[in-house]
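Trainee: Before I ask anything, let me first share the structure, which is written out below as C-alpha cells.
There are 2 protein chains.
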Amino acid sequence: MEKIKCVISYDGTNFSGFQIQPRTRTVQGELEKALTKIHKGEHIRVHASGRTDTGVHAKGQTIHFETPFTLPPQNWKQALNTLLPVDLNVYKVEVVPESFHARYDVAEKEYRYYVWNEREKDVFKQNYMYQFPYPLDIQAMQYACRYFEGTHDFTTFSSAKATIKGSKIRHMYEVSCHKEGSKIEFIFRGSGFLYNMVRIIIGALLDIGQGRREPSDITDLLEKKDRRLLGETVPAQGLYLWRVKYEEPHQ
Amino acid sequence: MEKIKCVISYDGTNFSGFQIQPRTRTVQGELEKALTKIHKGEHIRVHASGRTDTGVHAKGQTIHFETPFTLPPQNWKQALNTLLPVDLNVYKVEVVPESFHARYDVAEKEYRYYVWNEREKDVFKQNYMYQFPYPLDIQAMQYACRYFEGTHDFTTFSSAKATIKGSKIRHMYEVSCHKEGSKIEFIFRGSGFLYNMVRIIIGALLDIGQGRREPSDITDLLEKKDRRLLGETVPAQGLYLWRVKYEEPHQ
C-alpha cells in the first residue's frame, strides 16, 4: 500500500461542507467517488486536515488516502482532476511515508477571512466575501488582533455546539488584518482552531471596528471563557482554509 | 405615468439568461416579480437594452419600466434591492422622459470577456472567466483586434441561429485585448452587437493566439460572410455586458 497526500482547493459555494453525508454533495463525497472509480469500485477513504462547513472555501486543504496502486504523483493528479467536478481541484500530489496523517500531523493551519466593506452590494462577491456596509476603524481592529496572538484558552471564541472535550488552549502565530481598497483581509495562523473560532473572532473584531467594544476588552473576554458574551458568528462565505503546514519533509 | 431607468448588475451563473420564461429563473422574471410586489400585484413590464444568454454576467445592463408611482430615485433603488435576490442589484435609478427607450436609444454598448490563461484550473474562476490552458501569442491577438474596428458586415461572426433579418453591419469603436498576469481582458465597444458576436470573435482571436490563423485572415473572413468558416463559440461565463451608453442626458 502507498500513502498519497494531496493539496486541494474548492469553491465551497455548492458543497454541504467537507464531511461525507448521505444524499448531499460534499467535498469528501466527491473525492471518494473519484477514487472509487479509479480503484474499480473498491471504496477508498479520504482523511483531511479537518472539516470545513457549508460555504467555506479552501485554497489549500490537505488530505491523504491509501492505495494499492503505484503511480507517479503527476498521474494521480491528472486522473483525479479528470474525474472531479469543476469546483474541486487537486493541485499537488505527493507520496508520503506510512506514518503520515493529514489530521494528526498538522503543525500549523492558516485561515483567511474577507470582508467587502462597501455600502453598495457587489453581486460578484456574494459567495466569496462578507459584504459589510458600515464604516470600520481598521486601526482599532488591528490593535485588537494582537490580543489574540500567543497562547490562550479560546473557550469564549468557540461554538457552544462544539463537542470537543479536550483542551481549548491554542497558539496563534499570527492574527492580523489590513485593508486594500474596499477589501479587508484577515489572516489567522495557528497551531489549531476550535469550531467556528475564526468566524466568532471576526464578529468580535467587527464590533470593535464599529466602536461597540474596545480592543482591550479581548483580554477580559478570553479570561471569562463564556461564549454567550459574544454576538453572531459571521457568514461562512468569507472564510478560506488557506494552507496547512506539516513538519518537514511534508510542508 | 413616470418612466424609470435603472442600471443593474447581475451574476449570470444562476440565471437562465435575461429574458422572462415560464418555470425558469431569469433576470427579467426576478425584476418583474419585485416590481409587481411594489405595485400591489399590478404587472409591470421591464424593457432592457438587450438580452443576455444563460451564464452571461452584467456589470451595467440598463432597463426601463413605467409606473403610476412618484418616488425619488433613491427610494426606488432601496425598494427594489430589498426585494431582489443577492445575485441581482440595482445600482442607479433615474427618472427619464417618456420618449426614452432602453433598447431603441442605445448609442454604444461595451462588452468585456475574460480568459484565465493558466494550465492549472482555478476553482474560484470557473463561473467568471474562460479557463484556457494553452500558450497564446498576445501580440498577434492584439494585432488581429484592429481588423474588427470600424464599420463591417459581421455575418461571419454571428450565430447561424440568429433570426434577425435587417442589416448585419455594425460599427466597432474599440476592439482590444491585454494581458495582466494570467488574466486576459478583451474590450469591445460598438454601436451594437449581433447574436453571439463577441463569443465568436473571441474564438477566432484564440485561434490566432495559437498560431492556427494569421491576424490578416480577419479581412478575408469578414468579406466571405459565412459563419461556417469559424470554430466554436467560447463559453458564456467569461462574458460581461459592461456598460450601455445613451445619448445625453441619459448617459
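Those protein sequence lines, which keep their order, are chains A and B.
Sequential numbering from 79 applies to the first sequence in the working numbering.
Sequential numbering from 79 applies to the second sequence in the working numbering.
Ideal placement from N, C-alpha and C gives every residue a C-beta, glycine not left out.
(1) Between the C-alpha atoms of glutamine 217/B and valine 193/B, what's the straight-line distance to the nearest angstrom?
(2) Which word fits methionine 207/B, buried or exposed, when buried means at least 16 other C-beta atoms lie within 10 angstroms of its C-beta?
(3) Answer with buried or exposed for aspartate 89/A, where buried requires no fewer than 16 other C-beta atoms within 10 angstroms of its C-beta.
(4) Give the DSSP bridge partners of isoleucine 82/B, in chain order.
(5) Let me know the secondary structure DSSP gives arginine 321/B once reduced to three states.
(6) What does the alpha-carbon distance come out to for the pair isoleucine 98/A and lysine 203/A?
(7) Applying a beta-carbon distance threshold of less than 9 Å, which residues of chain A neighbour tyrosine 169/B?
(8) Using a threshold of 8 Å, state whether the C-beta atoms of leucine 161/B and histidine 230/B are closer than that.
(9) Helix, strand or coil, according to DSSP, for glycine 90/B in the structure here?
(10) Based on DSSP bridge pairs, tell me the residues matched to methionine 250/A.
(11) Tell me the DSSP secondary structure of arginine 103/A in three-state form.
(12) Check the Cβ of serine 87/B against every Cβ in chain A and list those closer than 7 Å, keeping chain order.
(13) Which residues, in order along the region 204–236 of chain B, keep a beta-carbon less than 8 Å from a beta-carbon of chain A?
(14) Kindly list, in the order they appear in chain B, the residues whose Cβ is closer than 7 Å to that of aspartate 165/A.
(15) Compute the Euclidean distance between the alpha carbons of phenylalanine 93/A and tryptophan 320/B, then round it to the nearest angstrom.
(16) If I'm right that glycine 138/B touches valine 322/B with Cβ under 8 Å, what's the distance once you round it to whole angstroms?
(17) Should the region 166–182 of chain A be regarded as contacting the region 148–155 of chain A, the criterion being three or more beta carbon pairs within less than 8 Å?
(18) For chain A, is any of its Cβ atoms less than 8 Å away from the one on isoleucine 82/B?
(19) Using 7 Å as the cut-off, classify the Cβ of valine 312/A as near or not near the heavy atoms of the ligand SAH, replying yes or no.
(20) Identify the continuous alpha helix (DSSP H) that holds lysine 302/B and give its terminal residues.
(21) Taking only the alpha-carbon atoms, compute the straight-line gap between glutamate 198/B and phenylalanine 235/A and give it to the nearest angstrom.
(22) At the level of alpha carbons, what is the spacing between phenylalanine 226/B and glycine 281/B?
(23) Whose Cβ in chain A lies nearer than 9 Å to the Cβ of asparagine 159/B?
(24) Suppose you measure from the CA of threonine 132/A to the CA of isoleucine 141/A; what does that come to, to the nearest Å?
(25) With which residues is tyrosine 189/A paired in a DSSP beta bridge?
(26) Leaving out five residues before and five after tyrosine 212/A in sequence, what residues of the same chain have Cβ atoms less than 7 Å from its Cβ?
(27) Leaving out five residues before and five after phenylalanine 232/B in sequence, what residues of the same chain have Cβ atoms less than 7 Å from its Cβ?
(28) Could you tell me which of Thr114/A, Ile279/A, Gly316/A and Tyr251/A sits nearest to tyrosine 307/A, measuring between CA atoms?
(29) Taking C-beta to C-beta, are glutamine 209/B and aspartate 200/B nearer than 8 Å?
(30) Do you know how far the Cα of lysine 187/A is from the Cα of glutamate 196/B?
(31) In angstroms, rounded to a whole number, what distance separates the CA positions of histidine 256/A and alanine 112/A?
(32) Could you tell me the boundaries of the alpha helix (DSSP H) in which valine 276/A lies?
(33) So, tyrosine 318/B versus aspartate 183/B, is the Cβ gap smaller than 8 Å?
(34) Cutting at 6 Å between CB atoms, please list the residues of its own chain near glutamate 292/A, excluding the five before and the five after it.
(35) Taking only the alpha-carbon atoms, compute the straight-line gap between glutamine 329/A and lysine 155/A and give it to the nearest angstrom.
Mentor: From the atom records:
(1) Between glutamine 217/B and valine 193/B, the C-alpha separation is close to 15 Å.
(2) buried
(3) buried
(4) Phe143/B and Val173/B
(5) Shown here, arginine 321/B sits in a strand according to DSSP, grouped into three states.
(6) 27 Å
(7) Glu198 and Lys199
(8) no
(9) Helix, per DSSP.
(10) Gly228/A and Gly268/A
(11) coil
(12) Within chain A, the residues near serine 87/B are Val201.
(13) Gln204 and Tyr206
(14) Val201 and Gln204
(15) 30 Å
(16) 6 Å
(17) yes
(18) By this cut-off, isoleucine 82/B is not an interface position.
(19) Here there are no bound small molecules, and the ligand SAH is not part of this structure.
(20) 295–302
(21) 37 Å
(22) 14 Å
(23) Lys199
(24) Using only the alpha carbons, I get a separation of about 18 Å.
(25) Phe266/A and Leu319/A
(26) Contacts found: Gln288.
(27) Within the same chain, phenylalanine 232/B has close Cβ partners Lys246, Arg248, Leu272 and Met275.
(28) Note that residue 307/A corresponds to leucine in the displayed sequence, not to tyrosine. Considering only Thr114/A, Ile279/A, Gly316/A and Tyr251/A, the residue with the shortest C-alpha distance to leucine 307/A is Ile279/A.
(29) yes
(30) Going by C-alpha positions, glutamate 196/B is about 27 Å away from lysine 187/A.
(31) Histidine 256/A and alanine 112/A: Cα-Cα distance of roughly 39 Å.
(32) 275–287
(33) Not closer than 8 Å, so no.
(34) none
(35) The pLDDT assigned to glutamine 329/A is 49, lower than 50, so where the model puts this residue is not dependable; a value taken from the coordinates is nonetheless given after this. Annotation: glutamine 329/A to lysine 155/A spans about 18 Å, alpha carbon to alpha carbon.
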